[in-house]
Amino acid sequence: MHVNDDIRVTFKMGLLLASVGSAFFPLVYFTLRQVLKKRTAHLANSAELVSVVAMRLTSLLQAVMSSLAGFIAICSCNTDLVNDRHWIINAYTHFGLPYMLYDIVAMCEAFRQENKHLLQSSLLTAVVEFVKDHWLMILHHLGLACICLPILLFFRNDKGDFFIGCMFMTEVSTPFVSLRAIMRKIKWDKQYPNLFLFVSVMLLVTFFVFRILNFPFMYWIYGRSIGVSVWEVPGRIFVKCNVISGLIFLFQCYWFLLILQAGGRMLSKMSSKPPSHLETNGVMHKAH
Numbered sequence: 061m062h063v064n065d066d067i068r069v070t071f072k073m074g075l076l077l078a079s080v081g082s083a084f085f086p087l088v089y090f091t092l093r094q095v096l097k098k099r100t101a102h103l104a105n106s107a108e109l110v111s112v113v114a115m116r117l118t119s120l121l122q123a124v125m126s127s128l129a130g131f132i133a134i135c136s137c138n139t140d141l142v143n144d145r146h147w148i149i150n151a152y153t154h155f156g157l158p159y160m161l162y163d164i165v166a167m168c169e170a171f172r173q174e175n176k177h178l179l180q181s182s183l184l185t186a187v188v189e190f191v192k193d194h195w196l197m198i199l200h201h202l203g204l205a206c207i208c209l210p211i212l213l214f215f216r217n218d219k220g221d222f223f224i225g226c227m228f229m230t231e232v233s234t235p236f237v238s239l240r241a242i243m244r245k246i247k248w249d250k251q252y253p254n255l256f257l258f259v260s261v262m263l264l265v266t267f268f269v270f271r272i273l274n275f276p277f278m279y280w281i282y283g284r285s286i287g288v289s290v291w292e293v294p295g296r297i298f299v300k301c302n303v304i305s306g307l308i309f310l311f312q313c314y315w316f317l318l319i320l321q322a323g324g325r326m327l328s329k330m331s332s333k334p335p336s337h338l339e340t341n342g343v344m345h346k347a348h
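Taken in order, the sequence shown gives residues 61 to 348; the numbers are from this note's numbering.
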């Protein structure tokens, strides 16, 4: 069954969608900056807050859109996992591709604002420091923009929309990454520790389900559809599919390890924090 096969994203339509995406994400970012500037003008670290929060909120929006596109494709292309198609996959791939390049620039600006000494340095110095500190994320974004997404558009013969939808669904965890970063930046992690803990747990769960388990799930469900075990699937698909999936999976495992380490540090701090009644009774004051 070919779902929505009558709706095709032509070359011209793809260029239009990419152009709209190139304008949309920076426009959202700068609109958020203007709103946040007015709300935080009285704060000493206003510029830093504006850059970081605007960047994170734009990232959150993109993640929701990507996840929604993936969910629609998965629900629509589950009869023939290889040949079923949905126009939203190619449409959002064109539209979302510019986001990866925009986000590198937005992250660099946030990095400059968070490291005040770079504001007095040249732009080149700031960029070099940013690349040194965030090289893995930059590599991830450039890899997606310059390799993975073009492959999705031009080298898969319009097959596998179901699996591309699964890949889009990896973004389900990103809103929690953004919310956690925003809460830390505006000090809500200390003001609302239970809420911060909830967001952190949701990040851990969604990351594990949609970025780690997602890959063996795709192999398992494809194997089930053709009547073979999950262990036989790698030998039944193109080598390039295994290589790309493996590289992306390794990225996810590394980031999941970092999340676990951050979660361990957070729990350690929470467990070592004295009970609040000691502080109210003046014990902590005397101890210092």
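Beta carbons are placed, not taken as given, at the ideal position from N, Cα and C, and that holds for glycine.
Quick caveat, the model's predicted, so the values are computed rather than measured.
Nearest to residue i (by Cα), restricted to the options the options
i, options, result
"Y159", "F85, I211, N274, L327", "F85"
"L128", "R296, F268, F228", "F228"
"L157", "F270, H201, D140", "H201"
"C313", "L273, L184, R116", "L273"
"G74", "I164, A205, H154", "H154"
"W315", "F223, S233, S82, R244", "S233"
"F309", "R284, E292, M278", "M278"
"L318", "F131, I281, F268", "F268"
"T266", "I224, R296, L320", "L320"
"A205", "L103, G295, Y152", "Y152"
"E231", "M125, I164, L109, Y282", "M125"
"I149", "I224, L103, L178", "I224"
"V259", "K247, W291, F270, M243", "M243"
"S82", "L209, D163, N105, K300", "D163"
"K176", "I207, C208, L109", "L109"
"K300", "W147, E189, I207, V88", "I207"
"I246", "M197, L307, I286, L103", "L103"
"L199", "C135, Y282, L161, S181", "L161"
"S305", "R271, S285, L257", "R271"
"L307", "G203, V80, V165, S79", "G203"
Exposure label - residue i; buried when at least 16 CB within 10 Å
i, result
"T91", "exposed"
"P276", "exposed"
"H337", "With a pLDDT of only 48 at H337, under the threshold of 50, the placement of this residue in the model should not be trusted, and no figure is reported."
"C137", "buried"
"F298", "exposed"
"M171", "Reading off the sequence shown, one finds Phe at residue 171, where the question assumed Met. Under this definition F171 is a buried residue."
"E169", "buried"
"M344", "Residue placement at M344 cannot be trusted, given a pLDDT of 41 that sits under 50; the coordinates are not used to answer."
"L183", "exposed"
"A186", "buried"
"C226", "buried"
"F71", "exposed"
"A107", "buried"
"A173", "First, the amino acid is wrong: residue 173 is Gln here, not Ala. Result: buried."
"V288", "exposed"
"W291", "exposed"
"A347", "Confidence at A347 is low in this model, with a pLDDT of 43, below 50, so its placement is unreliable and the value that follows should be read with caution. Burial call: exposed."
"L178", "buried"
"N341", "Only weak support exists for where N341 lies, its pLDDT of 48 falling under 50; the value from the coordinates is given anyway. Exposed, because fewer than 16 other Cβ atoms sit within 10 Å of the Cβ of N341."
"R296", "exposed"
"R68", "exposed"
"L87", "exposed"
"M167", "buried"
"V261", "exposed"
"S284", "The residue you asked about is not Ser; residue 284 is Arg in the sequence shown. It is exposed - the Cβ of R284 has fewer than 16 other Cβ atoms within 10 Å."
Residue i, enclosing alpha helix (DSSP H) - first and last residue
i, result
"D163", "147 to 174"
"R240", "234 to 245"
"S328", "299 to 332"
"Y252", "Taken as a continuous stretch (DSSP letters only), Y252 belongs to no alpha helix (DSSP H), as it is neither H nor E."
"A78", "71 to 100"
"V288", "Taken as a continuous stretch (DSSP letters only), V288 belongs to no alpha helix (DSSP H), as it is neither H nor E."
"E231", "E231 -> no alpha helix (DSSP H), and no H or E assigned at all."
"H200", "195 to 203"
"G130", "106 to 136"
"K214", "Lys is not the amino acid found at residue 214; the sequence shown has Phe there. Here the alpha helix (DSSP H) through F214 covers 209 to 214."
Subject >> Cβ contact (3+ pairs, closer than 8 Å) linking the region 237 to 247 and the region 116 to 124 >> reply: The region 237 to 247 makes contact with the region 116 to 124; the number of CB pairs closer than 8 Å reaches 3 or more.
**OP:** Please determine if the region 204 to 219 and the region 311 to 330 are in contact, where contact requires at least 3 C-beta pairs separated by less than 8 Å.
**Re:** The region 204 to 219 is not in contact with the region 311 to 330.
Original post:
Can at least three beta-carbon pairs, one atom from the region 101 to 114 and one from the region 129 to 144, be found at a separation below 8 Å?
Top reply: Too few Cβ pairs lie closer than 8 Å, so no.
Subject >> Cβ contact (3+ pairs, closer than 8 Å) linking the region 137 to 149 and the region 217 to 231 >> reply: The region 137 to 149 vs the region 217 to 231: in contact.
Subject >> Sufficient close CB pairs (3 or more, under 8 Å) joining the region 96 to 105 to the region 188 to 197 >> reply: No, the region 96 to 105 does not touch the region 188 to 197.
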